[in-house]
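Quick notes on the structure that follows.
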Amino acid sequence: GQNIDQPTEMTATEGAIVQINCTYQTSGFNGLFWYQQHAGEAPTFLSYNVLDGLEEKGRFSSFLSRSKGYSYLLLKELQMKDSASYLCAVRARNAGNMLTFGGGTRLMVKP
Amino acid sequence: DGGITQSPKYLFRKEGQNVTLSCEQNLNHDAMYWYRQDPGQGLRLIYYSQIVNDFQKGDIAEGYSVSREKKESFPLTVTSAQKNPTAFYLCASSPLAGPRGPVTNEQFFGPGTRLTVL
């Protein structure tokens, strides 16, 4: 089976930087995804990592360390609209390349 | 515009009734998925299909059924056997990963259907 852990809730201030961590245990790792989900809406794709290192996309960056089973999503210059849940999902060959999602981290951005 | 549609957005049913949620995509994706999301939790896989007329159980398939008669459509039936059906249901699709497939193979989600069983 697979196990994915991320903090349940985080709070940060507008304009600041926040890092959301995700740890996982899996066999046959084949990629890690971050999705953003606003309340009552569909998740939208943010980033994908399959090799170690940092992927940067504007204000959002995602990091992966396969040896540590660890990833983080970094959000810079926080805006109020960044208040949402952030879902970490792992794809594994041993699970038919299906995605297994963590419980999500609810981020609240305060003025 | 290409995308995934789910209807209706909100659905109310009486306990003991079967209900079918629709999911349609015009992205020409081979794979389609159904997830269930409970308040404050992540997504759990119910069923998935990688090709027409074939589908596989996910982690929580009991009390649900699906069909895949067309590439564009993957309806989900919530049966009376599902003990706690009230939830937010999300449908997704993706290209198939493979030697000639896209590297990312990300899943694209529909807007979801919120089912409440009274």
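Just so you know, the protein sequences line up as chains L and W, in that order. Numbers given in my numbering equal positions in the first sequence, counted from 1, plus 5. Numbers given in my numbering equal positions in the second sequence, counted from 1, plus 14. Backbone N, C-alpha and C define an ideal beta-carbon position, used for all residues, glycine too.
query: Would you call the stretch 21 to 41 of chain W and the stretch 49 to 69 of chain W in contact, with 3 or more CB pairs under 8 Å?
result: no
- prompt: Per DSSP, what kind of secondary structure is L/LYS86 in: helix, strand or coil?
  reply: Your numbering for residue 86 of chain L matches position 81 in the first sequence. Helix, per DSSP.
query: Near L/ASN35, what residues of its chain come up, given a Cβ to Cβ distance below 8 Å and the 5 sequence neighbours on each side ignored?
result: As a working note, residue 35 of chain L is residue 30 in the first sequence. Excluding residues within five positions, the ones whose Cβ falls inside 8 Å are VAL55, ARG96, ALA97, ARG98 and ASN102.
message: To test your reading of the DSSP string, which unbroken beta strand (DSSP E) runs of 3 or more residues are found completely within the stretch 45 to 87 of chain W?
response: 45 to 51, 57 to 65, 68 to 71 and 78 to 80
field: Assigned secondary structure, L/ARG98 (DSSP; H/G/I helix, E/B strand, else coil)
entry: Numbered from 1 along the first sequence, position 93 holds the residue referred to as residue 98 of chain L. L/ARG98 falls in the helix class under three-state DSSP.
- prompt: So what's W/THR19 in DSSP terms, helix, strand or just coil?
  reply: The count along the second sequence starts at 1 and reaches residue 19 of chain W at position 5. The answer is strand: DSSP assigns W/THR19 an E or B state.
Chain L contact for W/PHE123 (CB, 9 Å cutoff): Reading the second sequence from its first residue, position 109 is the one you call residue 123 of chain W. Interface residue, yes.
- request: Find the nearest neighbour of L/SER70 within the set L/GLN30, L/GLN41, L/ILE22 and L/PRO116, judged by alpha-carbon distance.
  value: Residue numbering aside, residue 70 of chain L sits at position 65 when the first sequence is read from its first letter. Checking every option, the nearest Cα to that of L/SER70 belongs to L/GLN30.
- request: Mark L/ILE22 as exposed unless 16 or more other C-beta atoms lie within 10 angstroms of its C-beta, in which case mark it buried.
  value: Counting from one through the first sequence, the residue named residue 22 of chain L turns up at place 17. So L/ILE22 counts as exposed.
field: Residue environment, W/HIS43, which counts as buried when at least 16 other CB atoms sit within 10 Å
entry: If you number the second sequence from 1, residue 43 of chain W lands on position 29. Its Cβ being crowded by 16 or more others within 10 Å, W/HIS43 is buried.
query: Looking at W/THR127 and W/PRO22, is the spacing between their C-beta atoms short of 9 Å?
result: Counted from its first residue, the second sequence places residue 22 of chain W at position 8. Counted from its first residue, the second sequence places residue 127 of chain W at position 113. Yes, the pair counts as a contact, with Cβ atoms nearer than the cut-off.
- prompt: If you draw a straight line from the C-alpha of W/ALA75 to the C-alpha of W/LEU59, how long is it?
  reply: Locating residue 75 of chain W in the second sequence gives position 61, where the first residue counts as 1. Locating residue 59 of chain W in the second sequence gives position 45, where the first residue counts as 1. Answer to the nearest angstrom: the Cα atoms are 8 Å apart.
Straight-line Cα distance separating W/LEU41 from W/PHE122: Your numbering for residue 122 of chain W matches position 108 in the second sequence. Your numbering for residue 41 of chain W matches position 27 in the second sequence. Rounded to the nearest angstrom, the two C-alpha atoms are 9 Å apart.
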